[in-house]
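Undergrad: Attaching a single structure in structure tokens format; questions to follow.
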Amino acid sequence: MLNPQSPFPNPQSPITALVLAAGESRRMGQAKLLLPWGERTILGETLTQVQASAVAEVLLISGGYREGVEAVAQKQGVAVVHNPAFATGEMLSSLQTGLRHLRGRAGEPPTAVLVMLGDLPFIPTALINQLLGGFAGGLGQIIAPSYEGRRGHPVLIGRELWEDVLALPPTAAPRDLFRQHPPTLLPVTTDLILRDIDTPEEYARWKPTVS
1 MLNPQSPFPN PQSPITALVL AAGESRRMGQ AKLLLPWGER TILGETLTQV QASAVAEVLL
61 ISGGYREGVE AVAQKQGVAV VHNPAFATGE MLSSLQTGLR HLRGRAGEPP TAVLVMLGDL
121 PFIPTALINQ LLGGFAGGLG QIIAPSYEGR RGHPVLIGRE LWEDVLALPP TAAPRDLFRQ
181 HPPTLLPVTT DLILRDIDTP EEYARWKPTV S
């Protein structure tokens, strides 16, 4: 069972959550991150779960539907960096945008980033903390949850591998990094890590109801 209590914070080893929210929701046909999810939006609930975790900070990468997405982030006190290359539709460009921002600002960069997609409202805080605990315990520079042998989200990437991420060409994807550096899989007891909300049918299937 996942422990909802944080094993952190450790100010000597801060981890930043990069919430990738730059997509154009083409398969959904509308701004899926702004769709209702319980009493919040999909993005709002995702941010809530991440903010409740032991990460040192949360940074959102915006792109498509910029105004609405950034409004949600602002409401929840989350800093935003815009990805000017979001229209390529490649997740990698958003990840690289976030890493460049972290490297370029003043001060010591975080020891790792938790790469969280903006459409994962069902990922609980306890699971996020489990990944953070795995990194603190020295499990590896790339850690991902797995359910019955299948890798899911979110993924944690240590600072030692950021240069490799930034060196990937625009046509690549984060999974290409995994071919070079296979992630350490952290088994979990829930299939929530495998769920997607890409289509109206998936949204209808997974969305919660509020009485």
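Residue numbers (this note's numbering): 1 to 211.
Each residue gets a CB set at the ideal place from its N, CA and C atoms; glycine is no exception.
Per DSSP, what are the beta-bridge partners of residue 184 in this structure?
TA: For the purposes of this step, residue 184 is taken as residue 184 along the sequence shown, with counting starting at 1. Paired residue(s): 143.
Undergrad: Determine the contact status of residue 35 and residue 114, defining contact as a CB-CB distance below 8 Å.
TA: Translated into the one-based positions of the sequence shown, residue 35 becomes position 35. Translated into the one-based positions of the sequence shown, residue 114 becomes position 114. Not in contact: residue 35 and residue 114 (Cβ atoms no closer than 8 Å).
Undergrad: So residue 62 is in the alpha helix (DSSP H); what residue range does that whole segment cover?
TA: For the purposes of this step, residue 62 is identified with residue 62 of the sequence shown, where counting begins at 1. Premise fails: residue 62 lies in the beta strand (DSSP E), 57–62, not in any alpha helix (DSSP H).
Undergrad: Beta carbon of residue 183, beta carbon of residue 142: below 8 Å?
TA: Locating residue 183 in the sequence shown gives position 183, where the first residue counts as 1. Locating residue 142 in the sequence shown gives position 142, where the first residue counts as 1. Yes, these two residues count as a Cβ contact at 8 Å.
Undergrad: From residue 195 to residue 23, what distance separates their C-alpha atoms?
TA: Residue 195 sits at position 195 when you count from the first residue of the sequence shown. Residue 23 sits at position 23 when you count from the first residue of the sequence shown. Approximately 17 Å, taken between the alpha carbons.
Undergrad: Between which two residues does the beta strand (DSSP E) containing residue 17 stretch?
TA: Indexing the sequence shown from 1 puts residue 17 at position 17. Here the beta strand (DSSP E) through residue 17 covers 15–21.
Undergrad: Helix, strand or coil: which one does DSSP assign to residue 153?
TA: As a working mapping, residue 153 is identified with position 153 in the sequence shown. Residue state, collapsed to three classes: coil.
Undergrad: Among the residues of its own chain, which have a CB less than 6 Å from the CB of residue 158, if the five just before and after it don't count?
TA: Sequence index remark: in the sequence shown, residue 158 carries index 158 (1-based). Within the same chain, residue 158 has close Cβ partners 112, 141.
Undergrad: CB-CB under 6 Å to residue 242, same chain, minus the five flanking residues each way: which ones, in chain order?
TA: No information on residue 242 is available, as it lies outside the stretch 1 to 211 that the chain covers here.
Undergrad: Per DSSP, which residues does residue 40 bridge with? Please list them.
TA: Reading the sequence shown from its first residue, position 40 is the one you call residue 40. Per DSSP, 37.
Undergrad: Just curious, the beta strand (DSSP E) that residue 212 is in, first and last residue?
TA: Residue 212 is absent from the structure shown; the chain starts at 1 and stops at 211.
Undergrad: Which whole-angstrom value describes the C-beta separation of residue 223 and residue 168, a residue pair presumed to lie in contact below a C-beta threshold of 8 Å?
TA: Residue 223 lies beyond the stretch modelled for the chain, which goes from 1 to 211, so this question has no answer here.
Undergrad: Secondary structure at residue 112, three-state DSSP: helix, strand or coil?
TA: Mapped onto the sequence shown, residue 112 falls at position 112. In this structure, residue 112 counts as strand in the three-state DSSP scheme.
Undergrad: With 16 as the cutoff for other CB atoms within 10 Å, does residue 247 come out buried or exposed?
TA: What the structure shows of the chain is the stretch from 1 to 211, and residue 247 is not part of that stretch, so it cannot be assessed.
Undergrad: Under DSSP, the alpha helix (DSSP H) around residue 204 begins and ends at which residues?
TA: On the sequence shown, residue 204 is found 204 positions in, with the first residue counted as 1. Counting along the chain, the alpha helix (DSSP H) containing residue 204 begins and ends at 200–206.
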